[in-house]
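Going by UniProt numbering, the residue at position 420 of the sequence shown is 420; the numbering climbs one at a time, nothing skipped.
Shown next, in structure tokens, is the structure this report addresses.
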Amino acid sequence: MFRSKRSGLVRRLWRSRVVPDREEGSGGGCGGDEDGSLGSRAEPAPRAREGGGCGRSEVRSVAPRRLRDAVGPRGALIAGRRRRTGGPPRPVSEPGAGAGGSPLDVVEPGGPGWLPESDCETVTCCLFSERDAAGAPRDSGDPQARQSPEPEEGGGPRSREARSRLLLLEQELKTVTYSLLKRLKERSLDTLLEAVESRGGVPGGCVLVPRADLRLGGQPAPPQLLLGRLFRWPDLQHAVELKPLCGCHSFAAAADGPTVCCNPYHFSRLCGPESPPPPYSRLSPPDQHKPLDLSDSTLSYTETEATNSLITAPGEFSDASMSPDATKPSHWCSVAYWEHRTRVGRLYAVYDQAVSIFYDLPQGSGFCLGQLNLEQRSESVRRTRSKIGFGILLSKEPDGVWAYNRGEHPIFVNSPTLDAPGGRALVVRKVPPGYSIKVFDFERSGLLQHADAAHGPYDPHSVRISFAKGWGPCYSRQFITSCPCWLEILLNNHR
């Protein structure tokens with residue numbers, strides 16, 4: 001039957017959604033970093049399933065499939081037979097053997113494919129738990145059948161009820177999603193699919209839709225919430241948890257405007273003071289500024305050069321780039337890239353409202369860390385650089401400076417305005433993938449008593465961001481200079 005391109009794009013988008021059960025069984029992703037797991041994955045990577053339907057197999061437990069992939073259908077069958085074999089080796093039927101060939105292979109002890117009896121006892125496969133060596137269903141009186149654990153998904157009434165409820169929710173989600181996607185034009189569907197399949201590497205333009213009264217599970221589901229939950233964050237509950245990125249239509253538009261952008265990669269999840277992640281470390285006042293030792297020439301170079309190049313009268317809180325009287329635009333911040341205690345490359349001045357800082361980005365411009373060469377790099381630096389990926393998006397907004405983690409690994413942030421009110425302890429915050437955090441608050445920075453913090457070199461307008469590795473008393477790295485790859489953001493305004 002003839003199918004239009006639009007319907008094909010809609011089906012591809014549906015197959016590219018994040019399925020929580022599949023992702024939990026996956027061994028990849030950003031979880032399990034040596035600096036501490038994220039608890040629950042903040043943004044599972046969507047996996048496109050080009051062949052196959054969108055039915056029961058997508059919401060079932062993946063434990064049997066994972067075991068089959070690890071052992072293999074034939075290996076699991078042979079191992080299961082040998083596990084039940086107590087004497088000499090038995091003939092094993094070779095799958096696909098014809099009538100004219102040798103139908104039987106004998107597994108000799110010590111030969112290829114042979115496993116000791118003790119090893120085979122640990123190999124089980126639920127795919128063959130109900131069949132004997134000849135492929136026939138096993139009698140219920142067989143002691144081996146009674147000992148074989150039944151798959152969890154084939155349990156009692158509770159399991160069946162849970163599966164039924166899950167399938168109903170899945171069907172409702174599919175119906176609501178299709179009703180939304182079918183409203184989009186072909187070009188918008190192309191843009192949305194490119195953003196989803198590139199996982200934000202090519203975010204594309206805005207995908208505008210009218211504000212619709214969609215409901216999911218009896219609750220309102222705005223378009224940005226629905227697609228954000230579908231393609232990025234299955235645990236997303238409310239639209240207020242989302243923050244539109246600068247440059248998006250929803251960033252400048254009124255909250256009750258007639259249209260809204262539903263491109264999930266034009267949004268990030270808020271990492272506010274009242275929401276996780278909590279502060280990871282609080283350093284004691286005598287130690288909080290040890291990373292920047294003025295006796296180190298390489299460390300003092302950034303502070304000295306930045307102070308000389310970023311000229312602003314003391315106490316002046318206006319940004320030259322925003323002044324209409326400015327003869328030429330001025331940069332609002334400078335970015336320095338460090339590897340341990342060595343600064344690599346020159347200061348990168350930022351003039352635009354937002355800048356991407358990345359190692360490898362399919363499309364876009366900004367500060368590419370992958371092009372910064374160093375003669376000798378340690379193995380830890382190489383490993384960490386490979387984790388930077390899409391990096392971060394740094395943006396200057398009316399209320400402050402925001403950092404959006406575009407990569408697949410967490411970043412760790414330290415800023416004077418992230419410290420506890422009235423406290424002198426340094427706070428390091430962990431920002432999971434897909435989250436944004438206000439790394440510098442303009443209003444709060446004017447209220448800080450900088451004169452009280454006089455323990456060593458201190459810049460009240462400096463933000464430090466470490467890729468993938470945290471520092472502080474919770475880690476083996478006590479100071480940021482022990483982190484393999486980190487950034488120093490030197491702000492020009494408020495200086």
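Note that the Cβ used here is the ideal one computed from N, Cα and C, for glycine as well.
Just so it is clear, the structure is predicted and the values come from calculations on it, not from any experiment.
- Query: Grouping DSSP H, G and I as helix and E and B as strand, with all else coil, what is Y178?
  - Reply: helix
- Item | Straight-line gap, V335 to G370 (C-alpha atoms, nearest Å) | 15 Å
- Query: Just curious, the beta strand (DSSP E) that R232 is in, first and last residue?
  - Reply: No beta strand (DSSP E) holds R232; DSSP gives it neither H nor E.
- Nearest to T259 (by Cα), restricted to the options F358, V355 and V207: Closest option to T259, Cα to Cα, is V207.
- Message: Once DSSP output is grouped into helix, strand and coil, what is the label at E339?
- Response: strand
- Query: What residues match up with E488 in a beta bridge as DSSP calls it?
  - Reply: A336 and R464
- If we ignore side chains and look at the alpha-carbon of each, how far apart do G364 and S356 end up? Rounded to the nearest angstrom, the two C-alpha atoms are 8 Å apart.
- Task: Mind listing, in chain order, the continuous alpha helix (DSSP H) runs of no fewer than 4 residues lying wholly within the region 348-393?
- Result: 379-386
- Query: Cα-Cα, which of A349, E339 and I388 is closest to Q376?
  - Reply: E339
- Query: Quick one, which of H266, Y351 and G389 has its alpha-carbon nearest F358's?
  - Reply: G389
- Would you identify the three-state DSSP class for residue 496, choosing helix, strand or coil? The chain is shown from 1 up to 495; residue 496 falls before or after that span and cannot be answered.
- Own chain residues within Cβ distance below 6 Å of Q380, not counting five before or after: The sequence shown places Ser at residue 380, rather than the Gln named in the question. P484, listed in sequence order.
- Message: For K185, count the other beta carbons within 10 Å of its own beta carbon; 16 or more makes it buried, fewer makes it exposed. Which is it?
- Response: exposed
- Item | C-beta contact flag for L374 and V344 at 8 Å | yes
- Message: Looking at the secondary structure, which residues open and close the alpha helix (DSSP H) in which residue 512 lies?
- Response: Because the chain in this structure spans residues 1 to 495, residue 512 falls outside the shown range and cannot be described.
- Message: Assuming A403 is part of the beta strand (DSSP E), what are its boundary residues?
- Response: G400 to N405
- Query: Per DSSP, P244 is paired with what?
  - Reply: F267
- Task: Whole angstroms is fine: what's the gap from H266's alpha carbon to L236's?
- Result: 15 Å
- Item | Start and end residues, alpha helix (DSSP H) containing K5 | K5 to R15
- Is it true that the CB of F440 sits closer than 8 Å to the CB of L490? Not closer than 8 Å, so no.
- Cα separation between Q224 and G472? 37 Å
- For V10 versus K182, is the C-beta spacing smaller than 8 Å? yes
- Item | Within 8 Å, strictly: CB atoms of C246 and C261 | no
- Whether R199 touches W233 by CB criterion (8 Å): no
- Which class does D441 belong to by DSSP, given the choice of helix, strand or coil? strand
- Query: From V196 to S466, what distance separates their C-alpha atoms?
  - Reply: Rounded to whole angstroms, the separation of the alpha carbons of S466 and V196 is 27 Å.
- Query: Hey, how far is the Cα of R391 from the Cα of Q478?
  - Reply: Per the sequence presented here, residue 391 reads as Gly, with Arg not at that position. Near 23 Å, if we compare the C-alpha coordinates of Q478 and G391.
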